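Quick note: the sequence shown uses the working numbering, first residue 631, plus one each step. For each residue, glycine too, the CB sits at the ideal point set by N, CA and C. It should be emphasised that the depicted structure is a prediction, and the values quoted were computed from it without experimental measurement.
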Amino acid sequence: MKMPQFLWRIIRYRIWQYLANVVTDAAFMTTRLAFGLIIQGFFNTLQQQPRISPALWGWIGLMVLAAFLRGAISYGNARITVGMNFLQRVLMHRNLLERILQRPGARAVPASPGEAMNRFRDDVQNGVNLTNTISDVIANSYFMLAATYILARISVPITLTVFLPLILVIAIAQSMKKRLTVYRQASRAATSELTSAIGEIFGAVQAIQVAGAEPEVVTHFRSLNDKRRLLILRDTVLSNTLTATFANTVGIGRGVILIMVALSIRSHGLSVGDLAIFLYYLSSVSGFVQSVGNLLAQYIQTDVSFGRLVALLQGAPAASLVTYNPLYVRGAEPPELPRQRKTPEQPLKQLEARNLSYHYPDTGRGISNINLTLKRGSITVITGRIGSGKTTLLQVLLGLLPKDEGEIIWNGNPVSDPASFFVPPQSAYTAQVPHLFSDPLKENILLGLREEDVDIQRAVHTAVLDHDVTLLENGLDTVIGPRGVKLSGGQAQRTAAARMLVRESDLLVFDDLSSALDVETEQTMWERLFAQGAFTCLVVSHRKAVLQRADHILVLKHGRLEAEGTLPELMANCEEMQQLWHGAWESREEDVVER
């Protein structure tokens, strides 16, 4: 999809609202046309009748009426424009967010969240601003045609002179097209880099403090800020220089026209009213010339923003950025999301992964040719050294990362889209670092479910969170702060476990859930979990308590399946498992690899 198609789809989304915006703009310009004619009549009457007369009072009354009309139309136009712009922005935000949520969770955006937010805010706004500029130019074009006709009836040579600045403005804008594009791309990239760094710094405050790296981080941040300042300064100076050039070109043209009018008053007998209407219309005609120049420059800069938004779609058609979807604004409530119910065909009997592989594009590391089989009611544990690929395997299996090759089979049927399949009631997943929100603890557990549809107390009890809840100031209604800062690490992990358990899924996937739990709490949690029935669990862990409970263990090393079997079998035949059991791997830093 090209830029003109992109703009047309935005405009057509609420076409009647956009047309109303154009019409009110044109109505406003009509009042300007009328006001110019009123001024012409007023000064011609004053020239002919120097004393106050009823005719003069009539012209003054018309001036007041035109001023009130302009104010009313301007107010209506502002209301229409604000509402239209809001809906245009929300439509693009909604479609971008939908695409991001469709992507594998671990690779939802192509860059950092800070850069994505920059594109959501600034690049979307650029597209909306351009549609406003187009509306203004349309209305100004109407004014230009009408004013040209009126002025041409007074003096054709002077009227033709009005178009000379327009030709110069278009020529200047076209000559600077390439440089505008390069400068805007560089400034946008620098802003994205800086906002990305801010997000990373805020997310790693504790790590920075522990490492004593505050000076280095500040120095890095300052260098990014200096780079951004220079690039934005260059972009802004060029844009403002063009704007000033357009304005000065118009100003020079205005001066030439005024000289011609002054000479014509003597030689061609132009009246004072003719001079007044030329002076009045000149500001609006000059504004049209300047708006055309700004439109050309803004179009180039918006083309850069459009490309950045398409990149955020990550392979989806560019047209999906402006796909017409329902929006729920102004108090409209969205429909309630249906809760997926289990059917007799869905319960897990056996889950298989065959030759599952994924390699990170930046490092080439990952997992290769992993095979695993889970049977209903079993506990399968994935273990290995740091960076052996345990978390990567879980994320690829669940569709949070796109597999390079291999297949996933549920009850004998291939799973074509793991990301949408491995959700409740099929499976529930708790990541190694739980994601919590600044909401009440209850809402963090329910996460959209209705309390009357689930047994939240049972989930809290199974996750060994019940005693902690009694110590909180408002129990389950306690707001836990951004990222759950009011909770300890163990409480945060158990909250994530309760969130998973309340969904009563067939497959429970834990990524090192007990890493922040003491031995006693961990033991209690597993006992309560298995006391409720035959759960099917896939667990990443190196804890002995979990390994001893496992029906089957997979040992990973450097992204490959080193060995598998029961704990006694692996302790007898697998050197890697023996080292893991005795903790010898913890001091061997040379074996640690990324992920």
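Tell me where the alpha helix (DSSP H) around residue i begins and ends.
i        : result
Gly-1019 : Here Gly-1019 belongs to no alpha helix (DSSP H), and DSSP marks it neither H nor E.
Ile-730  : 684-732
Thr-1060 : Careful: Thr-1060 lies outside any alpha helix (DSSP H), inside the beta strand (DSSP E) at 1057-1060.
Gly-1119 : 1119-1131
His-1065 : That residue, His-1065, is in no alpha helix (DSSP H); it is neither H nor E in DSSP.
Phe-636  : 633-643
Ile-764  : 754-782
Asn-748  : 743-748
Asn-955  : From DSSP, Asn-955 is part of no alpha helix (DSSP H); its letter is neither H nor E.
Ile-1075 : 1071-1076
Phe-1051 : 1048-1051
Val-1149 : 1149-1161
Gln-1178 : 1174-1179
Met-1207 : 1205-1212
Leu-1101 : 1096-1101
Report the partner residues of residue i according to the DSSP bridge assignment.
i        : result
Trp-1040 : Leu-981, Asn-1043
Thr-1196 : Looking at the DSSP assignment, Thr-1196 forms no beta bridge with any residue, so it has no partner.
His-1091 : DSSP lists no partner for His-1091.
Leu-1137 : Ser-1057, Thr-1166
Gly-996  : His-989
Leu-1184 : Ile-1012, Glu-1194
Lys-1005 : Gln-980
Phe-1109 : Note that residue 1109 corresponds to Val in the displayed sequence, not to Phe. DSSP output for Val-1109 lists Pro-1070 as bridge partner(s).
Thr-1035 : It should be pointed out that residue 1035 corresponds to Glu in this sequence rather than to Thr. Partner(s): Ser-987.
Taking the beta strand (DSSP E) that residue i belongs to, which residues open and close that run?
i       : result
Ile-788 : That residue, Ile-788, is in no beta strand (DSSP E); its alpha helix (DSSP H) goes 786-791.
What is the C-beta distance between residue i and residue j, in whole angstroms, given that I count them as a contact (C-beta under 8 Å)?
i        : j        : result
Ala-946  : Arg-749  : Incorrect: roughly 15 Å between the Cβ atoms, too far for contact.
Leu-1030 : Leu-1137 : That pair is no contact at about 14 Å.
Thr-763  : Asn-707  : Incorrect: roughly 14 Å between the Cβ atoms, too far for contact.
Tyr-958  : Gly-666  : Between Gly-666 and Tyr-958 the Cβ distance is about 45 Å, and since that is not below 8 Å, they are no contact.
Leu-951  : Met-722  : 6 Å
Trp-687  : Gly-671  : Contact doesn't hold; Cβ gap of about 13 Å is too wide.
Asn-770  : Phe-918  : 4 Å
Lys-1174 : Ser-1018 : Between Ser-1018 and Lys-1174 the Cβ distance is about 18 Å, and since that is not below 8 Å, they are no contact.
Val-934  : Thr-811  : 6 Å
Ser-914  : Phe-773  : 6 Å
Gly-1114 : Leu-1147 : Not a contact, Cβ separation roughly 15 Å.
Leu-1191 : Ile-1000 : 5 Å
Ala-1126 : Pro-1064 : 3 Å
Glu-1037 : Arg-984  : 5 Å
Quick one: residues in its chain with C-beta nearer than 6 Å to the C-beta of residue i, no 5 flanking neighbours on either side, listed in chain order?
i        : result
Leu-868  : Tyr-813
Met-1130 : Ala-1058, Thr-1060
Val-1084 : Val-1132
Ala-776  : Leu-663
Glu-1220 : Per-residue confidence for Glu-1220 stands at a pLDDT of 36, beneath the threshold of 50, marking its modelled position as unreliable; the derived number appears in the next sentence. Closer than 6 Å at the Cβ level, and outside the excluded window around Glu-1220, lies no residue.
Gln-647  : Met-714
Ser-1217 : In this prediction, Ser-1217 scores a pLDDT of 37, lower than 50, which makes its location untrustworthy; no coordinate-derived value is stated.
Ala-948  : Met-631, Val-940
Arg-639  : Val-952
Val-720  : Leu-957
Within the same chain, show all residues whose beta-carbon is closer than 7 Å to that of residue i, passing over the 5 residues directly before and after it, in chain order.
i        : result
Leu-1200 : Ile-1183, Val-1185, Ala-1193, Met-1207
Phe-936  : Met-633, Phe-636, Gly-757
Arg-1088 : none
Arg-644  : Met-714, Leu-717
Asp-766  : Asp-655, Ser-921
Gly-829  : Ser-742, Pro-743, Gly-744
Val-1223 : Caution applies to Val-1223, whose pLDDT of 35 falls short of 50 and renders its modelled position unreliable; the model cannot decide the point.
Phe-673  : Val-902, Gly-903, Ala-906
Asp-1142 : Gln-1062, Val-1170, Ser-1171
Lys-1005 : Gln-980
Leu-676  : Leu-686
Pro-964  : Tyr-958
Ile-710  : Gln-647, Ala-650, Asn-651, Thr-654
Here's a check: name, in chain order, each residue in its chain whose Cβ is nearer than 8 Å to the Cβ of residue i, leaving out the five neighbours to either side.
i        : result
Leu-854  : Ala-820, Glu-823, Leu-824, Ala-827
Leu-1106 : Pro-1070, Leu-1071, Lys-1072, Ile-1075, Ile-1086, Val-1090, Val-1099
Asn-1104 : Pro-1070
Trp-1211 : Lys-1174, Leu-1177, Met-1201
Give a yes or no on contact between the segment 1153-1160 and the segment 1092-1102, applying the rule of three or more CB pairs nearer than 8 Å.
yes
Counting Cβ pairs, one atom from each stretch, are 3 or more of them under 8 Å apart for the segment 1039-1046 and the segment 1007-1017?
no
Does the pairing of the segment 698-716 with the segment 937-945 give three or more beta-carbon distances under 8 Å?
no
Taking contact to mean 3 or more Cβ pairs, one atom from each stretch, closer than 8 Å, check whether the segment 1108-1122 and the segment 1161-1174 are in contact.
no
Given 8 Å as the limit, is there contact between the segment 978-998 and the segment 1172-1182, that is, 3 or more CB pairs closer than that?
no
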